[in-house]
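Protein chains in written order, with my numbering: chain A, 1 to 338; chain B, 339 to 676; chain C, 677 to 1014; chain D, 1015 to 1352.
Protein chains: 4
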Amino acid sequence: MLIVMKKGATEESIQNVVEAAEKRGYTARPIPGGDRVSIGILYNKGSVDAGRFMGLEGVKEVIPVTKPYKLVSREFKNENSVIKVGNVCFGNGSMPIIAGPCAVESQEQAITIAKAVKKAGAAMFRGGAFKPRTSPYDFQGLGKKGLEILANVREETGLPFATEVMDIESFDLVEEYSDVIQIGTRNMQNFSLLKRAGRAKKPIILKRGMSAMLQEWLMAAEYIMEEGNSQVILCERGIRTFVRHSRNTLDLSAVTEVKKESHLPVIVDPSHAAGVRDQVIPLACASVAVGSDGLMVEVHHKPEEAMSDGAQSLYPEQFEKLMQMVNKIHSITGCASF
Amino acid sequence: MLIVMKKGATEESIQNVVEAAEKRGYTARPIPGGDRVSIGILYNKGSVDAGRFMGLEGVKEVIPVTKPYKLVSREFKNENSVIKVGNVCFGNGSMPIIAGPCAVESQEQAITIAKAVKKAGAAMFRGGAFKPRTSPYDFQGLGKKGLEILANVREETGLPFATEVMDIESFDLVEEYSDVIQIGTRNMQNFSLLKRAGRAKKPIILKRGMSAMLQEWLMAAEYIMEEGNSQVILCERGIRTFVRHSRNTLDLSAVTEVKKESHLPVIVDPSHAAGVRDQVIPLACASVAVGSDGLMVEVHHKPEEAMSDGAQSLYPEQFEKLMQMVNKIHSITGCASF
Amino acid sequence: MLIVMKKGATEESIQNVVEAAEKRGYTARPIPGGDRVSIGILYNKGSVDAGRFMGLEGVKEVIPVTKPYKLVSREFKNENSVIKVGNVCFGNGSMPIIAGPCAVESQEQAITIAKAVKKAGAAMFRGGAFKPRTSPYDFQGLGKKGLEILANVREETGLPFATEVMDIESFDLVEEYSDVIQIGTRNMQNFSLLKRAGRAKKPIILKRGMSAMLQEWLMAAEYIMEEGNSQVILCERGIRTFVRHSRNTLDLSAVTEVKKESHLPVIVDPSHAAGVRDQVIPLACASVAVGSDGLMVEVHHKPEEAMSDGAQSLYPEQFEKLMQMVNKIHSITGCASF
Amino acid sequence: MLIVMKKGATEESIQNVVEAAEKRGYTARPIPGGDRVSIGILYNKGSVDAGRFMGLEGVKEVIPVTKPYKLVSREFKNENSVIKVGNVCFGNGSMPIIAGPCAVESQEQAITIAKAVKKAGAAMFRGGAFKPRTSPYDFQGLGKKGLEILANVREETGLPFATEVMDIESFDLVEEYSDVIQIGTRNMQNFSLLKRAGRAKKPIILKRGMSAMLQEWLMAAEYIMEEGNSQVILCERGIRTFVRHSRNTLDLSAVTEVKKESHLPVIVDPSHAAGVRDQVIPLACASVAVGSDGLMVEVHHKPEEAMSDGAQSLYPEQFEKLMQMVNKIHSITGCASF
């Protein structure tokens, strides 16, 4: 941490800051500059609360220097983490695609879509049994019945599946049935849920919050890892911006930065970023090109009858095309280290 | 809902949209324009999923028209809702101020601050026992011990208190102790928690999510009301923008719009929006001037030693000044109907 | 500037950074920390381009410390600048209100509105002769004819006026007629125009760009001051955010921060921030309460017939009410130093 | 345009809106819904100002329906526009890359970089002679001398070049020397400059404003086309968001949407979006994968000595790698129609 003093701050006020730091066990080192003095705070373990210095006489600004995350950091573990789900690997240079409907609606719907995406080359199935919906009047998912359908689909197709968990109450149930547990955008900083996920035995897909800074997202993963579960897959799904031509704005530089800062794999969900079908294939191609470790895509055989997010679901034949494009692009960029 | 067809959409594709709507029980009415045809979807109950029409041949755009909320809407209930907490009223034209530290740290800390804010005129006390923190390594609150301290403070000062609930596990406990239950920014769309809040017997302060649209915020309140709890106080606390000179950007036009759209009271938390002490009093004054139904302010007698959010906490003597300013401004704007 | 080295950066790479800095005449001082070394760059005049260090071996991050502005800075000039326009003062603790239509449409329109706002207590008139419009097909202003009307209005009412300049071609003309020259949001970083404004003999109102950081806005003012014109009034008018319930989001903490960082007066335009009439009076009250040095408000006697921005223009009787509220609030907050 | 009336709006107020519309020559058609009446405004030429209806009794909301642009619209011209610069084509399915330094610094610097990028396969050179800089104290470009250097480079390498124009004063000069004239982000709504560009005989690269909505960007292009110059290349370069891990957030769905709405070619500048070198190649790959019609990339042989934007400039050997990756990806996605 660097404390920048006002121009003309007195020697006494500088000394006062130094003492405040040392009282807390830090080392404080004043650095005289041209116009003003700065004070470096050294040897701190964990983050130092800026508030402890902001109020002191003569202090102009407090600038944090070191990043507070540990277990998720590439400085902590240099080689890529590979997360395995059955035979599917995330983070080993392959390009696993998770595909399926937004919500499980019926056995027939699920199995129809699962067979279609499997045939096109998807590695995993997805489908919501518990659905977070903006309105209490919208379809909230089939619950346990949905999980049973997903299990049946797995048995029939051999595809492992990912499904979202919304609360601790239903966590045991979701953990029992699913192969990968998804924590959604709106729960990225539901810290109680993150702690529970940290005690789960299954891998976690952690979606980025709609307005999460990179550091907040990685700290959310840190919550999970700190409780003992190191099988975390990050998922970029678009951020909230002023833009209105897509539901959210896909932040692809986040993929690049996550891979620089962390050893965890990061996948992309172009469907939720786009919000409209036309953008999904182009954004999927871009996500693979930028270096994503996988994709999560919404597919529905009758999107105009889907109970949620129909507008962004691909038709099965579009998904086939996506798979072809994505595989070709990955064959080029997959072995490149940017 | 209005479905806008592409220029030159065929008669057949228009007919196809009409049929798709009618198959779902809606009334569809084509409206020929100069350049293109639009189709109004009428008599729908609840929201209509745009996805059901986006994929159809010839459709250019789907524009939602009616707002989906009901119970929170001023169209549903025209007069202001007044939420009572003991003798304190929100929404009746008074200006109740909730003040206290970010986190309860000790009996002594809490009682010292409570006495100071009571003396200055605060109507309620606040303090966190369960703290949502970005980092798992930061102070997470005293938990039940914190609630007991808050109860002691209430007994000693007579001030009712608000405190945050983070999950369903601790909900019963928080509900038992507190006078008002706060749902924080990061949990605004934790729908399971909202539903539990809807079954609580205590009033709820629902903070706006950091990137929540007005409609999403009101729909979150709708979740609570729909489960049976109509005692909801909304709280604007700043939104995430590109700005870096404050932690968040206080969105005061949201206060005006909430009061137009809804009968629920809306208060403002200038401390979290600001993130730095210097901005808190000016933003508090602005919040009262814009028509807020109350304020929530962080105060600490030793902010440089606070265990969280010290940088934004007012000193007690600053809070006194805030109270004086705020009361004077409220005496002017409080009886005005803009 | 602070250069943060990666964990485990070699002694050689550190020495390399030090040499790179010293080759450019700076002083570089390595600061060993717990985990990593940082290097302070001292005695630099002007800003140091981060790019010069980002590419060097072992460098993790480059953090700018000092702000690059000079003439606009309160560190450069401590007392408030007072900008005079005839008898009207900005920055001396008074609360001058500039009011008028978005665009001058006719002599009759202008004079009608000017008389109404003067009667209500406005200190200055406003009206656009050259109009920046999103669409080339929208009304572009009356041009020179508009300036003549504004001059007539000034003669008849005694009100000085502000009007926008859009380019260097028309600058002489606008400067000749107007009392204050406005540079609009979309031109905040039109550096050629800023330089011309710096050679003007009239005060400049510099509106904040729609997505301008505080520092960019102050640097735009620095362009004007650096060319010799120190009569700059800053104007906050809302920023672009994800919000849809107002045209822009009024950033009132910017007022507080500008006054801390700079000696220049700062006023607020609530009309453009709101975009809808209902929000204008509340936001005007909030702007005065937060410590603004004045307001700029759109008024039209027949807003439903206005040739631009009718939706946000107040009726004259609403403006009267605004004046009353604003004056009362200013009597409370005007003499407070937050 | 659709005017939504409040619940319970009287027959009289509905009639009043209809009359107001008809007085202006529009056709107004009331559409009764379940809860409320909406009124469609038809047969309007050009956009209808919402303000004309917002203030009327009983009006709840005014929703624009048709897009206001004409000449840029794909509804106006269905086939892709191909813009030619010498032998280089934008919009015909090829993948031209424009590369070079941010600013021209010297003949030697320019020629060194030009030769390197030509060798790697760049189709055009870029370099700034007039530089828009946030600070008046930063390097402002070599001006006319810079243009002469660019012309020399063209002669020596055969590469046509693009360079930015900042104002009307220097427009003739820039037009005389350059092959393509660039209008920068900060000038996207400098309408006077756009009109001058509309009278130019050279193609224009129109960069997207940092917070421009798609519609505003296309309307800026409309300004140029409306004055007679139909050779417009749009350039996405990142938008301002809350994100801090990149300078701006590259909005790749804008590429998809521009191509849907308009016949104009759209290229991407990953360098300015990234702001840091590490992200440039991945974002360039993503831009090609999403369907861009070309790229604009910053390259410098000694970025640590560059006079501006060194941090985001690629080394020549990195640019070579970019060219290889980009060409391979384009060979896959270039012939796909998403």
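Quick reminder that beta carbons are idealized off the backbone N, C-alpha and C, glycines included.
In this structure, D/A1235 keeps its C-beta atom at 9 Å or more from the C-beta atom of D/G1223.
Close to chain D, meaning a Cβ-Cβ distance shorter than 9 Å, is no residue of the region 169–199 of chain A at all.
Contacts with chain C at 9 Å (Cβ-Cβ) do not include B/T501. Assigned with DSSP and collapsed to three states, A/K260 falls in helix. Rounded to whole angstroms, the gap between the alpha carbons of C/D855 and B/K545 is 46 Å.
The secondary-structure analysis by DSSP pairs A/A103 across a beta bridge with A/G128. Within the region 205–282 of chain A, the complete beta strand (DSSP E) runs of at least 3 residues fall at 232–236 and 266–268.
Look at A/E148 here: in three-state DSSP terms it is helix.
In terms of Cα proximity to C/K1004, the closest of B/T671, B/H639 and B/Q662 is B/T671.
The secondary-structure analysis by DSSP pairs A/V59 across a beta bridge with A/M5. C/K699: member of the alpha helix (DSSP H) spanning E687 to K699, first to last residue. Classified as buried, C/N866 has 16 or more neighbouring CB atoms from the shown chains inside 10 Å of its CB. Contact holds between the region 250–267 of chain A and the region 72–83 of chain A, because three or more Cβ pairs, one in each stretch, are under 8 Å apart. For C/F837, the pairing in a beta bridge is given by DSSP as C/F801. In this structure, D/A1325 sits near C/G727, with a CB-CB distance shorter than 9 Å. Contact annotation: C/A775 and C/E733 have beta-carbon atoms that are not nearer than 9 Å.
Straight-line spacing of the CA atoms in B/N586 and A/K67 works out to 21 Å. Contact note: A/Y223 reaches chain B through S473 and P474, using a C-beta cutoff of 9 Å and chain order. Within the model, the alpha-carbon separation for C/V693 versus A/G55 is close to 34 Å. Taking the C-beta atoms as reference points, B/P434 is found nearer than 9 Å to B/L633. With its beta carbon at least 9 Å from every one in chain A, D/I1111 lies outside the interface. Membership of C/M972 in the beta strand (DSSP E) is indicated by the continuous run L971 to E974.
Counting only the Cα atoms, C/V758 lies some 6 Å from C/F766.
The secondary-structure analysis by DSSP pairs A/Q182 across a beta bridge with A/E164 and A/I205. Contact annotation: A/I181 and A/I204 have beta-carbon atoms nearer than 9 Å. If you ignore the 5 residues before and after B/E399, its C-beta comes within less than 8 Å of the C-beta of I341 and V342, all in its own chain and listed in chain order. Proximity to C/L869 across C/A888, C/M889 and C/F847 peaks at C/F847, based on C-alpha coordinates.
Secondary structure of B/G389 (DSSP, three-state): helix. Selection C/V975, C/F918 and C/V919 evaluated against C/P946 yields C/V975 as nearest (Cα-Cα).
Secondary structure at C/F847: helix, using DSSP grouped into helix, strand and coil. By the neighbour-count criterion, in which a residue is buried when 16 or more other Cβ atoms sit within 10 angstroms of its Cβ, C/K821 is exposed. Boundaries for D/V1099: no alpha helix (DSSP H) harbours it, while the beta strand (DSSP E) harbouring it runs I1097 to V1099, taken from the DSSP string. The C-beta separation of C/V908 from C/I900 comes to about 5 Å, placing the pair in contact by the 8 Å criterion. Membership of A/S331 in any beta strand (DSSP E) is not indicated; the residue belongs instead to the alpha helix (DSSP H) covering P316 to T333.
Any Cβ of chain C closer than 9 Å to the Cβ of D/V1311 would place that residue at the interface, and such an atom is absent.
Closest in alpha carbon position to D/K1215, among D/S1244, D/H1286 and D/E1230, is D/S1244.
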